[in-house]
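Step one of this worksheet: look at the structure below.
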Amino acid sequence: MNNKEEIRDIIRKNYSEVALKGSAGECCSGGCSCSGPQMDIVDIAIKIGYSESDFEDVPIEANMGLGCGNPIAIAPLKEGEVVLDLGSGGGFDCFLARKQVGETGFVIGVDMTPEMINLSLDKQQVFNEMYRILKTGGRISISDIVATAELPEHIKNSPASICSCVAGAEHVENIKTMLQNAGFTNIHLIPKDNSKEIIKSWVPGMEEFIASFIIEAKKGS
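Numbering (my numbering), first residue to last: 7 to 227.
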């Protein structure tokens, strides 16, 4: 599927439905594509890196089940820091970040707008903009699905795969290059220890093509 506007329409439709209906199950598991029975929202969250304690004092409705991992667990936040959560959904990660940055910190959640959708298909520009808005010494922490091999054409063109983090997965080496081109340093791309288990539970048979990765990088020193 090469038509960018068609891809945008599919993404808008799926995420709008989730927003209207509430928690819909893990997007990366196929929950957004209605490809099978959805797991319990808490079970899904624990599988991808959250803990039961993360749900204490946070409204369950804030977790819309659209993430691909727990970025707060890999970002060693400190009191007083400023956090920008891109694609914040119902704000679950914002609540978790708020606990760590404390009264002197700030947490800003930015969710999907038409402008963000237009930008998100150009991943180099996404990383460029991340770099631009970061303070010197700032860092990015991303939990995402990446490609480790060439994806089959039928997967690339599948609307279900487009909305479940699979079809749009960028190859790990391309991500590293884009981060470097944006100006980032201290770049680390690390597969999660239970990556194959995660992928098998989401999209069986795709574990040889995609993996669950932690992506970290810094701006300056």
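Note that CB positions come from ideal geometry on N, CA and C, so glycine has one too.
Since the model is a prediction, treat every value here as computed from it, not as a measurement.
CB contact flag (residue i, residue j, <8 Å)
| i | j | result |
| --- | --- | --- |
| residue 135 | residue 152 | no |
| residue 222 | residue 146 | yes |
| residue 198 | residue 213 | no |
| residue 81 | residue 55 | no |
| residue 195 | residue 178 | yes |
| residue 101 | residue 64 | yes |
| residue 173 | residue 181 | no |
| residue 154 | residue 205 | no |
| residue 94 | residue 117 | yes |
| residue 225 | residue 108 | no |
Presumed contact (8 Å Cβ cut-off) between residue i and residue j, rounded CB distance
| i | j | result |
| --- | --- | --- |
| residue 75 | residue 218 | 6 Å |
| residue 184 | residue 130 | 5 Å |
| residue 233 | residue 77 | Lying outside 7 to 227, the shown extent of the chain, residue 233 is not represented and no answer is given. |
| residue 6 | residue 58 | In the structure as shown, the chain starts at 7 and stops at 227, and residue 6 therefore has no counterpart that could be examined. |
Per DSSP, cross-strand counterpart(s) of residue i
| i | result |
| --- | --- |
| residue 230 | Here the chain has residues from 7 to 227 only, and residue 230 is not among them. |
| residue 195 | 221 |
| residue 54 | Paired residue(s): none; residue 54 is not in a bridge. |
| residue 216 | 153 |
Q: Would you check if the stretch 134 to 148 and the stretch 187 to 195 touch, i.e. whether three or more CB-CB distances between them fall below 8 Å?
A: Touching, per the Cβ criterion.
Q: Check whether the stretch 106 to 113 touches the stretch 158 to 167, taking contact to mean three or more Cβ pairs, one atom from each stretch, closer than 8 Å.
A: Between the stretch 106 to 113 and the stretch 158 to 167, the count of Cβ pairs shorter than 8 Å is below three; the stretches do not touch.
Q. Which full runs of the beta strand (DSSP E) of 3+ residues lie inside the stretch 122 to 182, going along the chain?
A. 145 to 153, all fully within the stretch 122 to 182.
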